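Inspection log for the structure reproduced underneath, given as structure tokens.
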Amino acid sequence: MSASPANSSSSPPISSEHLCAHCGSSVVQIKYVTRSFGKAAALLVIEAIPMYSCPDCGEPYFSARTLHEIERIKAFRKSVAVCRQVPVASFQPAAA
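Basically our numbering = 1-based index in the sequence shown + 335.
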């Protein structure tokens with residue numbers, strides 16, 4: 336599974352309902368990210384995935400409910416996804 340973060344310009348909302356799964360902090364931010372799964376013809380990009388992010392320990396994580404929904408989207412990709420053309424580039428280090 337490859338992952339690519341989304342760009343976000345606004346401050347993420349803060350959730351007081353959840354504790355950080357890693358350090359127990361009561362201040363957890365909810366960010367909406369984009370992730371890619373698979374590659375080439377099997378590539379699937381899922382946008383606006385809610386991800387918890389702890390400002391205290393810095394750990395990002397997804398809830399079990401979100402992970403189940405990601406798996407559902409992957410399983411039913413043909414009925415829930417729309418096709419878009421996107422530019423793709425391969426990383427090549429610059430010559431020294």
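Even glycine gets a Cβ: it sits at the ideal position worked out from N, Cα and C.
Small disclaimer: the values here were computed from a predicted structure and weren't measured.
Name the two residues that bound the continuous beta strand (DSSP E) containing residue i.
i	result
glutamate 382	379-388
Of all the options the options, which has the alpha carbon lying nearest to the alpha carbon of residue i?
i	options	result
tyrosine 367	Gly373, Ala376, Gly359, Ile384	Ile384
cysteine 418	Val363, Gln364, His357, Leu378	Leu378
valine 423	Cys355, Cys358, Lys374, Ser360	Lys374
alanine 356	Ser425, Glu406, Met386, Ile405	Met386
histidine 353	Phe397, Ile381, Glu382, Phe372	Phe397
glutamine 420	Ala430, Thr369, Ala376	Ala376
Report yes if the CB atom of residue i is closer than 9 Å to the CB atom of residue j, and no otherwise.
i	j	result
proline 395	valine 362	no
serine 371	isoleucine 381	yes
alanine 416	isoleucine 405	no
cysteine 392	serine 414	no
From which residue to which residue does the alpha helix (DSSP H) around residue i run?
i	result
arginine 412	412-415
From the DSSP secondary-structure annotation, give me the bridge partner or partners of residue i.
i	result
serine 371	Val380
proline 395	Ser388
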